[in-house]
């Protein structure tokens with residue numbers, strides 16, 4: 001059996017894209033069958049536009065490495081022993097090739113304020129770097145690079161949740177108002193994260209699409 005690569009060579013194969021396209025296709029199908037009216041931000045056409053935006057930004061960018069990822073690395077999927085000496089991850093059904101920054105950002109994205117979030121990320125990444133055998137003198141630069149990587153990919157972590165609730169409201173229609181409420185909360189976080197990510201991109205002088213092109 002071939003060894004698992006540390007970084008996959010084809011970032012366009014990150015699993016997040018197949019998840020998003022599969023969910024979007026089902027939303028589109030159910031909209032045409034049931035004719036249920038969704039809020040504009042949850043319409044199949046709007047979600048497709050947002051997915052296309054991030055594909056354009058990320059899919060061919062080698063600065064967003066694709067690794068063997070958990071896929072849903074949120075605090076609820078991390079468990080510790082009573083004394084906190086060991087940590088165990090659960091729920092690997094979405095694991096596979098995915099963006100490194102996506103996994104890490106899902107773990108820390110709800111921490112506020114930003115200073116606390118980044119301090120936690122840096123502590124985590126220092127250990128991550130050691131386990132990845134990054135030379136000691138390079139750990140500081142590596143950590144800052146990955147923190148920036150995580151902030152740039154944060155919008156995708158919120159968009160995935162928005163698309164999920166956009167789908168589930170067509171399936172479990174008896175809780176429709178609750179799904180819309182949850183989607184609205186995540187959409188608001190998505191918009192804020194998207195504006196920050198585009199600002200970071202522009203500050204670096206990169207030709208990222210303008211916010212208004214796909215919003």
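In our numbering, the protein residues as written are 1 to 215. Glycine included, C-beta positions come from ideal geometry on N, C-alpha and C. Computed from a predicted structure; not experimentally measured.
Of 131, 48 and 24, the smallest CA-CA separation from residue 6 is found for 131. The C-beta distance from residue 54 to residue 156 rounds to 5 Å, short enough to meet the 8 Å contact threshold.
Within the segment 5-73, the complete beta strand (DSSP E) segments at least 3 residues long are 66-69, listed from N- to C-terminus. Contact between the segment 143-158 and the segment 171-180 is not established, with fewer than three Cβ pairs separated by less than 8 Å.
DSSP, read as helix, strand or coil, puts residue 89 in strand.
Straight-line measurement puts the Cα of residue 72 at about 8 Å from the Cα of residue 91. For residue 99, the pairing in a beta bridge is given by DSSP as 66. Annotation for residue 80: the continuous beta strand (DSSP E) segment containing it runs 78-80. In the three-state reduction of the DSSP assignment, residue 120 falls in the helix class, which pools H, G and I.
When DSSP states are grouped into helix, strand and coil, residue 153 belongs to the helix group. Inclusion of residue 118 and residue 87 in the CB contact set at 8 Å is not warranted, their separation being larger than that value. DSSP places residue 194 in the uninterrupted alpha helix (DSSP H) bounded by 176-203. In the structure shown, the three-state DSSP call for residue 75 is helix. Taking the Cβ atoms as the reference, residue 67 lies roughly 18 Å from residue 109, outside the contact range of under 8 Å. One Cα belongs to residue 166, the other to residue 138, and the distance between them is close to 42 Å.
In this structure, the beta-carbon distance from residue 27 to residue 47 falls below 8 Å. Sequence-distant partners of residue 13 (beyond 5 residues in either direction) whose C-beta falls short of 8 Å from its own C-beta, in its chain, are 66 and 97. Nearest Cα to residue 57 within the set 30, 17 and 188: 17.
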